[in-house]
Amino acid sequence: MPITKRAISPVNVSLHRLPASIQRDELECVANGTLANLIRQLSSLSRHAEHIFGEIYHEAVKLDHKTNMLSQRIERLTHKVSQLDYTKEEVSLEDLHMRKPFKSSCLIDQHTLDRQTLPSALAECYAACDPPPALDALNPYRDDKKSALR
Numbered sequence: 001m002p003i004t005k006r007a008i009s010p011v012n013v014s015l016h017r018l019p020a021s022i023q024r025d026e027l028e029c030v031a032n033g034t035l036a037n038l039i040r041q042l043s044s045l046s047r048h049a050e051h052i053f054g055e056i057y058h059e060a061v062k063l064d065h066k067t068n069m070l071s072q073r074i075e076r077l078t079h080k081v082s083q084l085d086y087t088k089e090e091v092s093l094e095d096l097h098m099r100k101p102f103k104s105s106c107l108i109d110q111h112t113l114d115r116q117t118l119p120s121a122l123a124e125c126y127a128a129c130d131p132p133p134a135l136d137a138l139n140p141y142r143d144d145k146k147s148a149l150r
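The sequence shown maps to residues 1 to 150 in our numbering.
Below, the structure is given as structure tokens:
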């Protein structure tokens, strides 16, 4: 099921009741309320657009950094390969089999679904949610000694 990352509010721009005290100019009152809600919607849209472009900028900066690092690695490898003299050194087949296989030193991020990696729009949604119930008060009554919130 897809999750809504951003929501523009208010959703219903002209769905509001008029106070009973208004007897005249109902149409003008409804138009003013609708225009005010449209301005609120545009403000919400502008805030989301700013966040989206900020995320795109940060992704572009990270991509540029990775590209620069790769180009530096390629230059170093090119320099090392150009210095090798393959006519002088002979490697036997047994020596090739005795070598250990390549093992990458790159670490894989294991915490992809962590609170620190949560996008700001989803963090705002989580902050607006109700806190979990106090189920940890029931922990003494459990037989398996596990936390009730897990």
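Beta carbons: idealized from backbone N, C-alpha and C, even for Gly.
Assigned with DSSP and collapsed to three states, Cys106 falls in coil, not helix or strand. Between Thr34 and Ser14 the beta-carbon gap is near 4 Å, inside 8 Å, which marks them as a contact.
With respect to Lys5, Ala121 sits close: the two C-beta atoms are nearer than 8 Å. Here Tyr126 carries a helix assignment [DSSP, helix/strand/coil].
Within the stretch 55–117, the runs of alpha helix (DSSP H) at least 4 residues long that lie entirely inside it are, in chain order, 93–98. Note that the C-beta distance between Leu18 and Glu26 is below 8 Å. The three-state reading of DSSP puts Leu135 in helix, counting H, G and I together.
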